[in-house]
Amino acid sequence: MVSVKSVPSPAIHTDERLHEADHPTSQVARFGADQPLKLDCGVDLAPFQIAYQTYGELNANRSNAILVCHALTGDQHVFNTHPVTGKPGWWETMVGPGRPLDTAQYFIICANVIGGCMGSTGPASTNPATGKPWGLDFPIITIPDMVRAQAMLLDRLGIDTLFSVVGGSMGGMQVLQWTAAYPQRVFSAFAIACSTRHSAQNIAFHELGRQAVMADPDWRGGRYADQSVNPHRGLAVARMAAHITYLSDAALHRKFGRRMQDRELPTFSFDADFQVESYLRYQGSSFVERFDANSYLYLTRAMDYFDIAADHNGVLAEAFRGIKTRFCVVSFTSDWLFPTPESRALVHALNASSARVSFAEIETDRGHDAFLLDVPEFFEISRAFLQSAGKARGLGE
Amino acid sequence: MALQDQTLPLGDIAPRRSGKGRRDHLLVAEMVAPGSKVLDVGCGEGDLLQLLEGRGIDGRGIELSREGVNRCVAKGLAVVQGDADTDLVNYPDDAFDYVILSQTLQATRQPKAVLENLLRIGRSAIVSFPNFGYWKMRLQLLIGGHMPRTENLPATWYDTPNIHFCTIKDFVQLCDEINVKMERAVALDNFGRPVPLTLPWWVWNMFGEQGVFLLSRVEKQG
Chain A
1 MVSVKSVPSP AIHTDERLHE ADHPTSQVAR FGADQPLKLD CGVDLAPFQI
51 AYQTYGELNA NRSNAILVCH ALTGDQHVFN THPVTGKPGW WETMVGPGRP
101 LDTAQYFIIC ANVIGGCMGS TGPASTNPAT GKPWGLDFPI ITIPDMVRAQ
151 AMLLDRLGID TLFSVVGGSM GGMQVLQWTA AYPQRVFSAF AIACSTRHSA
201 QNIAFHELGR QAVMADPDWR GGRYADQSVN PHRGLAVARM AAHITYLSDA
251 ALHRKFGRRM QDRELPTFSF DADFQVESYL RYQGSSFVER FDANSYLYLT
301 RAMDYFDIAA DHNGVLAEAF RGIKTRFCVV SFTSDWLFPT PESRALVHAL
351 NASSARVSFA EIETDRGHDA FLLDVPEFFE ISRAFLQSAG KARGLGE
Chain B
1001 MALQDQTLPL GDIAPRRSGK GRRDHLLVAE MVAPGSKVLD VGCGEGDLLQ
1051 LLEGRGIDGR GIELSREGVN RCVAKGLAVV QGDADTDLVN YPDDAFDYVI
1101 LSQTLQATRQ PKAVLENLLR IGRSAIVSFP NFGYWKMRLQ LLIGGHMPRT
1151 ENLPATWYDT PNIHFCTIKD FVQLCDEINV KMERAVALDN FGRPVPLTLP
1201 WWVWNMFGEQ GVFLLSRVEK QG
């Protein structure tokens, strides 16, 4: 029989991951029954909580706050050791002392999105009505819901106006939603590798991922946590497929080519002979250690539903009419998930709204994930945009 | 042969941005009323925009080259990557007080359409371009028998981005044709100095190395 080695099951961090959903290693803002989160689907979510991290210090006139919005599988741990994996924060290239998002200059906030699994209320959190994880009883959430929750957090923190809101991918969608929903609360907006709506191709990839999760017999209609199982195989496959979309043909070829993994010759089996296979399996198995399968379903769905123009009579420019926010839009040449024409459409709409916008396309072969990697030209632009916006805001004077 | 010695050893191909280039920018900047909103089409590395912003003018830019755009953004300027030929249509009417086209008209595919768009988007337009009627240009073609090359236009005919050269006279004719009013016209000589206003047009067309025009729409009647 041809040998097959399946993706190894995660065992090491399960307890920590489950614990984080309700009791995060973060600051938590709790909202009671009197302060429900009004969701787009019509449900009032209450009670709920938002887990968040902050870095740097809020200045005396509360004008130096930057909200970082995380991507689909990110979380609030931007610039600190991750409580589950023990790895460094996901954006330590961008955030920190002397980095473009300089913690010596700005007060940086990052909150786990609603629907996430790192301490903000989501399908992995305990449903107070049943004492069990919400699972699929959790209402469907949208990008505007995430932003509404963040706005409530800022109210709680006493921050009226953000100096900037910054994010890539799903984080970029939140940035755009912030400017459309609360233009007067956003002095500058930095939208990276994103779009004002999720494309058909992207919805298709998300559907593939969700079907992979649901096809895992351990998913059990979303009630896996009650039964002490985890659809880790399905979620790993979803992650593997998605991860390919975050890279590029050129980057995969440069990184792996057709090189073999710890062997000279093919084994004539379905083992991970190729380095690229081994890499993908690793991506899949390390992801399931830290992420909840149901959360993955909910958050991909939120991205699918995102379409700012649809909320403004189909005219994108209407969403930004008369806006005073300073925008910077960045795309990457090899990003085929959120290709440059999508950013360009956004820029045209912003121009039509007379908004102050900078737009740069960065040349790189590293695909969509370039915004998380060490790309000096991207950092230079980020730094310059924030510095010039800071000057206009009177920061550092 | 003296002529060739004078014009051909050009060193690097990049156009010189210092000296005379700055004079051109200063003249353009001086034409812009304080506190206005300006779009610089083909803004290069943002030198003119920086000059304008330094004077309290709300400046935006479009630039074709990715390197140019990224340098502008890195200077904190509001510049987007775009093409004057294809992207101006995306801007609404009357979006700006001035739209500037500095040393770019000759590189567009449809100069007439671009000019019309400038005056749709902006209430005024400022256009500067190298004058192909400049005596050194004429002389190179007449005596040298080759396509003219100058310090400001050092590219050879086969690698130049400039595909629609015109003279000051040609440009004035185009303005008449599309019903554009010339508010101000300045020809700059070899040293970036204005050719005296009292001199006739043919002198401008001969001795102006570049023309700088402040244009406005002729409001339609009835």
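Listed in order, the protein sequences are those of chains A and B. Numbering-wise, the first sequence is residues 1 to 397 according to our numbering. Numbering-wise, the second sequence is residues 1001 to 1222 according to our numbering. Backbone N, C-alpha and C define an ideal beta-carbon position, used for all residues, glycine too. Remember, predicted model here, so these are calculated numbers, not experimental data.
Residue contact check for G1042(B) against chain A: no CB pair falls below 9 Å.
In this structure, A180(A) lies near D311(A), with their beta-carbon atoms less than 9 Å apart. Annotation: W1204(B) to A1187(B) spans about 6 Å, alpha carbon to alpha carbon. Taking the beta carbon of H348(A) as reference, the chain B residues within 7 Å of it are N1090, listed in sequence order.
With at least 16 other beta carbons inside 10 angstroms of its own, N1117(B) counts as buried. Restricting attention to V1080(B), I1100(B), E1067(B), the CA atom closest to the CA of L1026(B) is found in I1100(B). Listed along chain A are A384, F385, Q387, S388, each with a C-beta nearer than 7 Å to that of G1076(B). By the Cβ neighbour-count rule, L1119(B) is buried, with 16 or more other Cβ atoms within 10 Å of its own. According to DSSP, residue pairing for N127(A) in a beta bridge involves K132(A).
Scanning chain B for C-beta atoms nearer than 9 Å to the C-beta of V315(A) yields nothing, as the closest lies near 12 Å away. In terms of Cβ geometry, A46(A) and M118(A) do not form a close pair [threshold 9 Å]. Residue range 232-246 is occupied by the alpha helix (DSSP H) that includes G234(A).
In this structure, the alpha-carbon of R290(A) lies about 28 Å from that of F379(A). Look at the segment 176-200 of chain A and you find these whole runs of beta strand (DSSP E), each 3 residues long or longer: 186-192. In the DSSP assignment, the residues bridged to N1131(B) are C1166(B). Between the alpha carbons of A1155(B) and P1148(B) lies a distance of about 9 Å. When DSSP states are grouped into helix, strand and coil, P24(A) belongs to the coil group. For R148(A), no beta strand (DSSP E) segment is defined; the enclosing uninterrupted segment is the alpha helix (DSSP H) at 143-157. With contacts defined by Cβ atoms closer than 9 Å, A349(A) and A370(A) do not form a contacting pair.
Contact residues of the segment 351-379 of chain A toward chain B are N351, A352, S354, R356, V357, S358, F359, A360, E361, I362, E363, E377 (C-beta to C-beta distance below 8 Å). At a Cβ-Cβ threshold of 9 Å, A293(A) and G367(A) do not count as neighbours. In the DSSP assignment, Q1050(B) falls within the unbroken alpha helix (DSSP H) covering 1047-1054. Assigned with DSSP and collapsed to three states, C69(A) falls in strand. E1209(B) sits in coil when the DSSP states are folded into three classes, being neither helix nor strand. Contact of Q1081(B) with chain A by beta-carbon distance below 9 Å involves T340, R344, V347, F359, A360, E361. If you check the CB distance, F332(A) and S358(A) do not come in under 9 Å. Secondary structure note for F385(A): its alpha helix (DSSP H) is the uninterrupted segment 376-393. If you look at I1121(B), you'll find it in the alpha helix (DSSP H) that goes 1111-1121.
In the structure shown, I50(A) adopts extended strand secondary structure according to DSSP, grouped into three states.
When the five nearest sequence neighbours on each side are left out, no beta carbon in the same chain lies closer than 6 Å to the beta carbon of V1089(B). In the displayed model, E277(A) falls within a helix according to three-state DSSP. For the pair G172(A) and F338(A), the CB atoms are nearer than the 9 Å cut-off. The beta carbons of V1041(B) and A1084(B) sit closer together than 9 Å. If the five residues before and after F138(A) are omitted, its C-beta is found closer than 7 Å to the C-beta atoms of G122, P123, Y298, all from its own chain and listed in chain order.
Inclusion of F1207(B) and W1157(B) in the CB contact set at 9 Å is not warranted, their separation being larger than that value. Chain order gives the chain B residues near I381(A) as N1070, V1073, A1074, where near means a beta carbon separation below 8 Å.
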